[in-house]
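Chain order of the listed sequences is A and B. Counting with the numbering used here, you get residues 1 to 72 for the letters of the first sequence. Counting with the numbering used here, you get residues 1001 to 1251 for the letters of the second sequence. Beta carbons: idealized from backbone N, C-alpha and C, even for Gly. Encoded as structure tokens, the structure appears first; notes follow it.
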Amino acid sequence: MRGKPIIDTAKCKGCELCNDVCPVNIMAMSDTFNKQGVQYAVCIDEEKCTTCGACAIICPDMVIKVIKYEQG
Amino acid sequence: METKTKDFKYVYDKPEALVDKVTHYCPGCGHGIVHKLLAEVIDELGVREKAIIVAPVGCSVLIYDYMNFDGCEASHGRAPAVATGLKRVNPDSIVVAYQGDGDLLAIGTGEAIHAANRGENITTIFINNAIYGMTGGQMAPTTMEKQITATTPYGRDPMDVGFPIRGCELLNTLERPVFIERCSIYDFKNTLKTKKAIKKGIKNQIEGRGYSFIEVLSTCPTNWGMKPQEAANWVKDTMVPYYPLGNFRDN
């Protein structure tokens, strides 16, 4: 596990841009709704995350941060 | 799991120049992405204390609420004029005029062209989303041919209202601008290019070289009546052939 996206689900507006931009297709929308009444982005397989940061850069609402674990 | 106790670093973190709040923009709006890129660039160049954003009239009218540095509101189309004044009075400040297509190419065409012609040492970020977003999706000067909007229900007819205006090509006929580039945010790669262009534009200003103009082809999913990803594809398929991406001038 190299790292993972940290998603601030309360701020997500559910635009789904992160789902399409992810090169390993691990972003999806939730089954439940947040306080804004939309299905928010979730990471369905953190093991596969390459920490490329594409989801974070494309997100218009600053919902996603990406962390990378230090080696060793 | 052992990995969870490991130390980590942020590959991507919220820029300091951006305020941590939910914006009023619709889901998938391009403004959010460009705001973030601008904030990242301001942070990377370390000019947050000196930066002033000039807000236009349009959807991004409240940009000073989202940016963690100084801001000033301009009347519709007058952002380059206000930016000129701010820059001439405070030559050390970094002034960014953030404008939409209705603002820059409709009511503010005169101001935009003359600020560029004078070679004011400011940076203009021009968001081209081919529609008037804030007022509910009327035809803008940059609306594409045959595009359906609230005021062109049968599609834009160039024989009636003219062809879309290409802002970069227009300013490229002037002598004084030092940097003119058109970029887009429809995908990840182009978003990074946009950031590079904004960075170059603000660097030019720090070095006192003159007027920089960055046009960003953006999306308006709500008024185009599309899902955000469809809107991004529409930019790629419809807008990019008419508004070619690339650098027009880099002196």
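Query	Result
Any beta carbon from chain B within less than 7 Å of residue 27(A)'s own beta carbon?	no
List the endpoints of the continuous beta strand (DSSP E) containing residue 1205(B).	Careful: residue 1205(B) lies outside any beta strand (DSSP E), inside the alpha helix (DSSP H) at 1188 to 1206.
I'd like to know whether the C-beta of residue 43(A) is nearer than 7 Å to at least one C-beta of chain B.	no
Which chain B residues are close to residue 68(A), counting only those with a beta carbon under 9 Å from its beta carbon?	1008, 1009, 1010, 1011
Do you know offhand how far residue 60(A)'s Cα is from residue 1029(B)'s?	7 Å
Using a Cβ-Cβ cutoff of 7 Å, what residues of the segment 9 to 35 of chain A are near chain B? List them in chain order.	11, 13, 14, 15, 16, 17, 20, 21
On the DSSP letters alone, give me the boundaries of the alpha helix (DSSP H) that residue 1110(B) sits inside.	1109 to 1118
Taking residue 1043(B) as the reference, give the member of 1057(B), 1063(B), 1069(B), 1054(B) with the closest Cα.	1069(B)
Could you tell me which chain B residues have their CB closer than 9 Å to the CB of residue 65(A), listed as they occur along the chain?	1010, 1011, 1012, 1013, 1014
Going straight from the alpha carbon of residue 1246(B) to that of residue 1008(B), what length do you get?	37 Å
Using beta carbons (cut-off 7 Å, strictly below), is residue 50(A) in contact with chain B?	no
Helix, strand or coil, according to DSSP, for residue 13(A) in the structure here?	coil
Would you check if the distance between the CB atom of residue 1156(B) and the CB atom of residue 1135(B) is smaller than 7 Å?	no
Expressed to the nearest angstrom, what Euclidean distance is found between the alpha-carbon atoms of residue 50(A) and residue 1227(B)?	27 Å
In this structure, how does DSSP classify residue 1074(B) when only helix, strand and coil are distinguished?	coil
Could you check the C-alpha separation between residue 1204(B) and residue 1095(B) for me, to the nearest Å?	12 Å
Give a yes or no on whether the C-beta atoms belonging to residue 1087(B) and residue 1121(B) are separated by under 7 Å.	yes
Which same chain residues, not among the five before or five after residue 1199(B), have their C-beta less than 6 Å away from its C-beta?	1041
Identify whether residue 1145(B) lies in helix, strand or coil by the three-state DSSP scheme.	coil
Residue range of the beta strand (DSSP E) that residue 69(A) falls in?	64 to 69
What is the DSSP secondary structure of residue 48(A), counted as helix, strand or coil?	helix
What are the boundary residues of the alpha helix (DSSP H) that residue 1229(B) is part of?	1228 to 1234
Identify the continuous alpha helix (DSSP H) that holds residue 1214(B) and give its terminal residues.	Segment 1212 to 1217 is the beta strand (DSSP E) holding residue 1214(B); no alpha helix (DSSP H) there.
In angstroms with no decimal places, state the Cα-to-Cα distance between residue 1219(B) and residue 1186(B).	8 Å
Under 6 Å Cβ to Cβ from residue 1231(B), same chain only, skipping five residues before and after it: list those, please.	1219, 1221, 1224
Taking the beta strand (DSSP E) that residue 73(A) belongs to, which residues open and close that run?	Absent from the structure is residue 73(A), since the part of chain A shown begins at 1 and ends at 72.
Can you give me the start and stop residues for the beta strand (DSSP E) that residue 1136(B) sits inside?	It is not in any beta strand (DSSP E) - residue 1136(B) carries neither H nor E in the DSSP assignment.
When you compare only the Cα positions, how much space is there between residue 1027(B) and residue 67(A)?	24 Å
Buried or exposed: residue 1139(B), going by 16 or more other Cβ atoms within 10 Å of its Cβ?	buried
Does residue 53(A) come within less than 7 Å of chain B when only Cβ atoms are used?	yes
I'd like the list of long-range same chain contacts for residue 8(A), defined as Cβ closer than 6 Å, with 5 residues on each side in sequence excluded.	63
Which residue wins for smallest C-alpha separation from residue 55(A), given the options 1(A), 47(A), 13(A), 27(A)?	27(A)
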